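Residue numbers (my numbering): 145 to 650. Heads up, the beta-carbon is just placed ideally off N, CA and C, and yes, glycines get one too. A quick note: this is a predicted structure, and the numbers were derived from the prediction, not measured.
What follows is the structure in structure tokens.
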């Protein structure tokens with residue numbers, strides 16, 4: 145088991161470095177170099193070295209003890225926690241697929257008989273597909289362009305959600321206004337008659353209006369105005385309950401010429417935030433900046449997963465090391481560390497984090513998580529210190545000393561494995577803690593910069609725009625779902641590892 149894990153870690157680190165050198169943006173492996181290139185090289189090198197060491201030095205035939213096997217079976221018998229663990233695993237796999245399911249770069253482009261894969265390379269200039277400029281094309285527009293070219297054989301395959309989590313806004317959307325059998329006008333896909341403005345544009349330039357109408361409960365009701373291509377007014381009218389009550393022609397000759405122009409149907413321009421729309425790929429709608437909410441939720445979930453990895457590694461490494469050392473050595477070392485813990489415990493955690501986050505001009509995710517870790521190792525230390533005090537007085541520790549075992553062997557081979565149940569039990573609740581802390585900081589405005597997708601920022605924006613309930617509801621239900629699943633897993637682990645629930649004293 146340990147050797148396979150070591151080989152896997154070494155392969156991940158090596159592949160991440162190779163793909164980075166080849167400028168291949170492979171999903172998940174590109175995360176290592178997402179914040180800073182030097183950070184990526186250091187982490188990947190550590191993965192390779194640690195994986196090789198684990199594969200070489202790890203035990204050959206590792207098996208769980210009978211007690212651990214019983215605990216695993218108990219966990220499986222708790223269906224709520226077991227199913228929640230599988231659901232969480234599925235969400236983690238989705239996040240690791242990255243821009244293969246959420247992103248604004250095409251998965252595959254066929255142009256002039258050649259296949260291109262923009263999602264897994266650094267960049268492909270627009271000139272490759274017949275465009276202009278050295279920048280990348282907008283693949284959503286390229287898809288529409290190829291679809292309009294009948295018989296060309298060119299096509300674009302986009303991800304399921306064709307929007308990037310950040311800095312990819314949809315400034316406006318358009319929907320046709322259609323008249324149904326009851327004589328009322330409706331937006332496509334809507335069941336209620338439309339009220340608001342609708343316009344007719346010139347067919348060859350959708351930015352120039354030809355006419356603008358006002359609708360009330362599906363009927364034309366209010367002023368109508370018409371313009372030429374230069375924006376000069378050529379006609380006007382007044383409508384009441386679907387009937388024209390007054391009309392005015394400003395320039396009859398120009399109006400006659402405009403009647404020959406090709407025009408679009410009645411169109412409604414929707415500015416963000418816009419409600420959910422399957423037609424435009426906004427399955428949960430957009431926020432006030434026009435960013436797709438589902439893409440933001442997906443990107444925020446990825447950020448939280450990366451934050452949890454960094455947080456758990458640092459917090460548990462420091463907490464376990466300090467707790468075991470305090471419990472095993474005791475004496476002055478224990479007293480000094482306890483005084484340090486008391487000082488840190490009396491500091492207001494949230495206020496200190498807010499102050500540090502506000503001092504740093506543009507905090508990256510590793511920096512912000514590192515600040516959280518300054519305080520978070522304390523709770524783990526208390527549990528490990530108490531458990532180590534108890535375990536070091538057991539007979540098997542005294543027997544190991546008599547047989548000449550060193551301090552390191554006693555701690556890592558005997559004491560730590562018998563306290564591992566505490567670590568496993570606290571793991572899910574540490575996950576909920578970092579999710580709640582990062583979300584709260586982003587909600588208060590002391591979190592990550594705007595180029596990072598954030599659940600907390602989405603909650604804050606939604607609470608300020610309750611007239612667009614899809615903003616806050618998407619972020620709220622996403623946060624609740626993850627926290628509930630992690631909590632169910634944590635409760636199941638706690639019950640499975642609790643000896644009082646499965647032991648009979650005689």
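From residue 139 to residue 405, what distance separates their C-alpha atoms?
The structure shown does not extend to residue 139, since the chain is modelled only from 145 through 650, so no value can be given for it.
Taking the alpha carbon of residue 559 as the reference point, which residue from 612, 569, 538 has its own alpha carbon closest?
Taking only the C-alpha atoms, the option nearest residue 559 is 538.
Label residue 138 either buried or exposed according to how many other C-beta atoms from any shown protein chain fall within 10 Å of its C-beta, with 16 as the threshold for buried.
The structure shown does not extend to residue 138, since the chain is modelled only from 145 through 650, so no value can be given for it.
Using a 10 Å radius around the Cβ and a threshold of 16 neighbouring Cβ atoms, would you call residue 276 buried or exposed?
So residue 276 ends up on the exposed side.
Can you tell me which of the three DSSP states residue 543 falls into?
Three-state result, residue 543: helix.
C-beta atoms of residue 666 and residue 284 nearer than 8 Å:
With the chain running from 145 to 650 in the structure shown, residue 666 is simply not present.
Ordered list of alpha helix (DSSP H) runs contained in the stretch 474 to 513, each at least 4 residues:
Within the stretch 474 to 513, the runs of alpha helix (DSSP H) at least 4 residues long that lie entirely inside it are, in chain order, 475 to 490, 493 to 503.
Once DSSP output is grouped into helix, strand and coil, what is the label at residue 427?
In the structure shown, the three-state DSSP call for residue 427 is coil.
Burial state of residue 541 (16 or more Cβ within 10 Å):
So residue 541 ends up on the buried side.
Would you tell me roughly how many angstroms separate the C-alpha atoms of residue 278 and residue 267, rounded to the nearest one?
So the two alpha carbons sit approximately 10 Å from each other.
Quick one: what's got a C-beta closer than 7 Å to residue 311's C-beta in the same chain, skipping five residues either side?
Its chain contains 595 as the residues whose beta carbon lies nearer than 7 Å to that of residue 311, once the 5 sequence neighbours on both sides are disregarded; these appear in chain order.
Counting along the chain, where does the alpha helix (DSSP H) carrying residue 617 start and finish?
For residue 617, the enclosing alpha helix (DSSP H) starts and ends at 613 to 641.
Evaluate the contact criterion for the stretch 500 to 518 versus the stretch 554 to 573: three or more CB pairs, one atom per stretch, below 8 Å.
Look at the beta carbons and you see the stretch 500 to 518 not touching the stretch 554 to 573: under three pairs across the two are nearer than 8 Å.
Helix, strand or coil: how does DSSP classify residue 650 here?
With a pLDDT of only 48 at residue 650, under the threshold of 50, the placement of this residue in the model should not be trusted, and no figure is reported.
Under 8 Å, do residue 587 and residue 610 count as touching if we go by C-beta distance?
In this structure, residue 610 does not lie closer than 8 Å to residue 587 by Cβ.
Whose C-beta lies closer than 7 Å to the C-beta of residue 171 among residues of the same chain, with five residues either side of it excluded?
Contacts found: 240, 241, 242, 243, 244.
Residue range of the unbroken alpha helix (DSSP H) whose run includes residue 603
DSSP places residue 603 in the uninterrupted alpha helix (DSSP H) bounded by 599 to 608.
Taking residue 486 as the reference, which of 508, 507, 525 has the closest Cα?
Check the Cα spacing between residue 486 and each of 508, 507, 525: the tightest is with 525.
Going by DSSP, what residues sit across from residue 356 in a beta bridge?
In the DSSP output, where bridge partners are listed per residue, residue 356 has 343, 369.
Output the boundary residues of the beta strand (DSSP E) element that contains residue 390.
Counting along the chain, residue 390 sits inside the beta strand (DSSP E) bounded by residues 387 to 393.
Less than 8 Å between the beta carbons of residue 366 and residue 379, yes or no?
Cβ distance not < 8 Å, so residue 366 and residue 379 don't count as in contact.
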